[in-house]
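Quick notes on the structure that follows.
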Amino acid sequence: MRLLFDTHCFLWWIAEPERLPSAVIEALRSTRSELYLSAASAWEVRIKTQLGRLKLSEPWERVVTREVSQNGLRLLPITVMHTDHLIMLEPLHRDPFDRLLMAQSKAEKMHLVSGDSWIHEYAGIDILWK
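Structure below.
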């Protein structure tokens, strides 16, 4: 299963995994799962840390490098195809990072690991959160 982290879920995975449902943790730990972090999430974390809205216990680069080397995390760039899917989403939610993650998960046929309940309002977004 190909899993794309929503930003908050990635932060929970690395710092507070107990906040994730047990089924999500099981899927994330499965050797059959491919874990992805979007460039959009990296951008969001950088903005929030720069604005003082997010504090990390260690440098962001170290976190990502560790997850890539130890847990096989894959980095997902933003492509033109993703932006094409972005404009197809209904304007139900305004957060540009969340919208881009939904577009990426749809374009790449991935499950989005997200605890945001409003995502269920969007048709065609496969969500892993149970």
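Every number in this note's numbering is 76 more than the matching position in the sequence shown, counting from 1. Backbone N, C-alpha and C fix where the C-beta goes; we use that ideal spot for every residue, glycine too. On a predicted model such as this, the values are computed, not experimentally measured, just so you know.
Separation of residue j from residue i, as counted between CA atoms
{"i": "I195", "j": "S145", "result": "30 Å"}
{"i": "I123", "j": "R129", "result": "9 Å"}
{"i": "F81", "j": "S190", "result": "7 Å"}
{"i": "L38", "j": "E120", "result": "Nothing about residue 38 can be read from this structure; the chain reaches only from 77 to 206."}
For residue i, the three-state DSSP class (helix, strand or coil)
{"i": "S98", "result": "helix"}
{"i": "E110", "result": "strand"}
{"i": "H187", "result": "strand"}
{"i": "E143", "result": "helix"}
{"i": "S181", "result": "helix"}
{"i": "K206", "result": "coil"}
{"i": "R129", "result": "coil"}
{"i": "D192", "result": "coil"}
{"i": "E213", "result": "Nothing about residue 213 can be read from this structure; the chain reaches only from 77 to 206."}
{"i": "E134", "result": "coil"}
Same chain, Cβ closer than 7 Å to residue i, five either side skipped, listed in chain order
{"i": "H169", "result": "R175 and W194"}
{"i": "A99", "result": "K206"}
Span of the beta strand (DSSP E), counted from its first residue to its last, around residue i
{"i": "L152", "result": "R150 to L152"}
{"i": "L80", "result": "R78 to F81"}
Segment limits, alpha helix (DSSP H) that includes residue i
{"i": "I163", "result": "Counting along the chain, I163 falls outside any alpha helix (DSSP H), and DSSP gives it neither H nor E."}
{"i": "I201", "result": "Counting along the chain, I201 falls outside any alpha helix (DSSP H), and DSSP gives it neither H nor E."}
Beta-carbon contacts of residue i that lie in its chain and below 8 Å, excluding the five residues immediately before and after
{"i": "Q180", "result": "L80, S114, A116, L152, I154, H158, H161 and M186"}
{"i": "I201", "result": "M178, S181, K182, L188 and I195"}
Neighbourhood of residue i by C-beta distance below 6 Å, restricted to the same chain and skipping five residues each side
{"i": "L111", "result": "L79 and L149"}
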